[in-house]
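Below is one structure, written out as C-alpha cells, with a few remarks after it.
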Amino acid sequence: MSQPAAVTIVVGWTPDEFGEVALHRGVEEARLRGGRVVVVNATRGDALVDDRYADEDQLTALAAELGAAGLEVDVRRSMGADVGDQVLAVADDVSADLVVIGLRRRSPVGKLLMGSVAQRILLGADCAVLAVKPAG
Numbered sequence: 001m002s003q004p005a006a007v008t009i010v011v012g013w014t015p016d017e018f019g020e021v022a023l024h025r026g027v028e029e030a031r032l033r034g035g036r037v038v039v040v041n042a043t044r045g046d047a048l049v050d051d052r053y054a055d056e057d058q059l060t061a062l063a064a065e066l067g068a069a070g071l072e073v074d075v076r077r078s079m080g081a082d083v084g085d086q087v088l089a090v091a092d093d094v095s096a097d098l099v100v101i102g103l104r105r106r107s108p109v110g111k112l113l114m115g116s117v118a119q120r121i122l123l124g125a126d127c128a129v130l131a132v133k134p135a136g
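Each residue of the sequence shown is one higher than the one before, starting from 1 at the first, in the UniProt record's numbering.
Written as C-alpha cells, this is what we have:
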C-alpha cells in the first residue's frame, strides 16, 4: 500500500513583516499537516528597486531559519509581469494543498491603480488560501 503524498504548503514570501507572518504560519501549517514548504519570492522584474525581492543575505537568513525548522523546504525566486500569477504558477507546479500569503492594508485608490496580489491569489488559486496579517 502506497503512502499518501506529503502535503505541500506554498508561502508567498517577502523580506518584511508581512512575509514573515506568512512564513511562520506556513511553517506551522506544514508541521501540523506533516508537509513540506515551498517559499516563493517574486518580483515584476524591477528587482533592483523592489525591496520585496530578497537579496542574497536575506535568502541565506531564510535558508538558515527554515533549516532550523526541520522541514523539507524549497525556495523559488521568479520575475514576471504579475507577482500573483507567479505564486499561482508555483502552486500549480507543485500541486499545492495550501497557499499562505501575508496581507497589507491598501487604500481603495491603491488597489484600483496597482491591483492586488492577494486578491489575484485568493481568486485564482485551485487550492485553499490562508491570508494572514501581522498583529497590531
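Think of the CB as a built atom: it goes at the ideal place given N, C-alpha and C, for glycine as much as any other residue.
- Task: Grab the span of the alpha helix (DSSP H) containing Ala-6 for me, first residue to last.
- Result: The residue given as residue 6 occupies position 6 in the sequence shown. DSSP places Ala-6 in no alpha helix (DSSP H); its state is neither H nor E.
- Sort Glu-20, Gly-84, Leu-130 by Cα distance to Arg-59 and report the nearest one. Sequence index remark: in the sequence shown, residue 59 carries index 59 (1-based). Note that residue 59 is Leu in the sequence shown, not Arg. Selected option, being the one with the closest Cα: Glu-20.
- Given 8 Å, three or more beta-carbon pairs between the segment 122-135 and the segment 84-92: By the C-beta criterion, the segment 122-135 is judged to be in contact with the segment 84-92, since at least 3 inter-stretch pairs fall below 8 Å.
- If we count Cβ pairs, one from each stretch, closer than 8 Å, do we get three or more for the segment 74-82 versus the segment 98-106? Using a C-beta cut-off of 8 Å, the segment 74-82 makes no contact with the segment 98-106, since fewer than three inter-stretch Cβ pairs fall below that distance.
- Message: Taking the beta strand (DSSP E) that Leu-123 belongs to, which residues open and close that run?
- Response: Taking the first residue of the sequence shown as position 1, residue 123 is located at position 123. Taken as a continuous stretch (DSSP letters only), Leu-123 belongs to no beta strand (DSSP E), being part of the alpha helix (DSSP H) at 117-124.
- Separation of Val-129 from Ala-96, as counted between CA atoms: Translated into the one-based positions of the sequence shown, residue 96 becomes position 96. Translated into the one-based positions of the sequence shown, residue 129 becomes position 129. Taking the straight line joining both Cα atoms gives about 10 Å.
- Continuous beta strand (DSSP E) stretch holding Leu-103: start and end: Taking the sequence shown and counting its residues from 1, one reaches residue 103 at position 103. Run containing Leu-103: none; DSSP gives neither H nor E here.
- Give the DSSP-derived three-state secondary structure of Arg-52 in the structure shown. Numbered from its first residue, the sequence shown carries residue 52 at position 52. Reduced to three states, the DSSP call for Arg-52 is coil.
- Task: Could you name the residues of the same chain whose beta carbon sits closer than 8 Å to that of Val-132, not counting the 5 residues immediately before and after it, in chain order?
- Result: Looking up residue 132 in the sequence shown gives position 132. Cβ neighbours of Val-132 beyond the five flanking positions: Val-21, Ala-22, Arg-25, Val-100, Ile-101, Gly-102, Leu-103.
- Task: Using three-state DSSP, classify Val-21 as helix, strand or coil.
- Result: On the sequence shown, position 21 is the one that residue 21 refers to. Residue state, collapsed to three classes: helix.
- Task: State the Cα-Cα distance for the pair Ala-91 and Thr-43, rounded to the nearest angstrom.
- Result: Taking the first residue of the sequence shown as position 1, residue 91 is located at position 91. Taking the first residue of the sequence shown as position 1, residue 43 is located at position 43. Spanning the two alpha carbons is a distance of roughly 16 Å.
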